[in-house]
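Notes for the one structure printed next.
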Ligand code: C5P
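In the UniProt record's numbering, the protein residues as written are 1 to 222.
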């Protein structure tokens, strides 16, 4: 069967990565989490006490420790130079600062360069904020996934508790609101639905329902 590229965008914690992973699995495609790249850049900047407003400082650090991905055990692993930072990029500190780092034009240019290399071979499910609008404007399927802030916060809260992390529902809500605002209002590649994207409101849907809906959309295209 012909392989296509699938773009999944939407606000923070809308369930994109969980669903995208399952869609990729069902189609035997590669899942690419682009948020992890912005998180890795943020982790690197924080670790080196860089000024997060200074994109040149962040870019210089990325030159010394370039971002790369590997799929050795079927899950995406992200590296800074030789160091696997897959787990380290999930802290609150990174979450609270990533949207600021993602406003920088030069940082975005570097991330998009890596992302476009990865889509050269079709058969990719890529999730993020600007995939359908900017990274893969010709993606055969574009999904824009939304859900209410309350629902998204609740899901993230339960996820954190299940992982054994401490969780504060109100703090999660505030983080989601703040990240959405910065992502929607930034100048370069803001979070916006592509004109040809299909919007899916997942507020009252299960992961499998959303996955099946996307698989049905894909089936019409291939
Ligand atoms: O997907 P995730 O929530 O991990 O993304 C973290 C942050 O990275 C987002 O809030 C956004 O600021 C940034 N991001 C972006 N463009 C993407 C993916 C993520 O600006 N394609």
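Cβ atoms here follow ideal geometry from the backbone N, Cα and C, with glycine treated the same way. Source: prediction; values computed, not measured.
Item                                                                                                                             : Value
Delimiting residues of the alpha helix (DSSP H) encompassing residue 105                                                         : 105-118
Distance cut-off 7 Å: residue 15 Cβ against heavy atoms of the ligand C5P                                                        : no
Cβ-Cβ distance between residue 21 and residue 29 below 8 Å                                                                       : no
Residue 161, buried or exposed, once every other Cβ within 10 Å from all chains shown has been counted against 16                : exposed
Between the CA atoms of residue 12 and residue 179 - distance to the nearest angstrom                                            : 7 Å
Sequence-distant residues of the same chain with beta carbon closer than 7 Å to residue 57, five excluded per side               : 50, 51
Residues near residue 238 by beta carbon distance below 7 Å, same chain, minus five either side                                  : Because the chain in this structure spans residues 1 to 222, residue 238 falls outside the shown range and cannot be described.
Within 8 Å, strictly: CB atoms of residue 128 and residue 35                                                                     : yes
Length of the line joining the Cα atoms of residue 69 and residue 109                                                            : 17 Å
Beta-carbon contacts of residue 39 that lie in its chain and below 7 Å, excluding the five residues immediately before and after : 89, 94, 98
Where residue 122 sits in the DSSP three-state scheme                                                                            : coil
Whole runs of the alpha helix (DSSP H) within the region 185-213, excluding any shorter than 4 residues                          : none
Identified DSSP bridge partners for residue 80                                                                                   : 67, 83
Cα-Cα separation between residue 5 and residue 189, rounded to whole angstroms                                                   : 19 Å
Secondary structure of residue 165, DSSP reduced to three states                                                                 : coil
Candidates 82, 76, 168, 105: closest to residue 124 by CA position                                                               : 76
Residue range of the unbroken alpha helix (DSSP H) whose run includes residue 222                                                : Taken as a continuous stretch (DSSP letters only), residue 222 belongs to no alpha helix (DSSP H), as it is neither H nor E.
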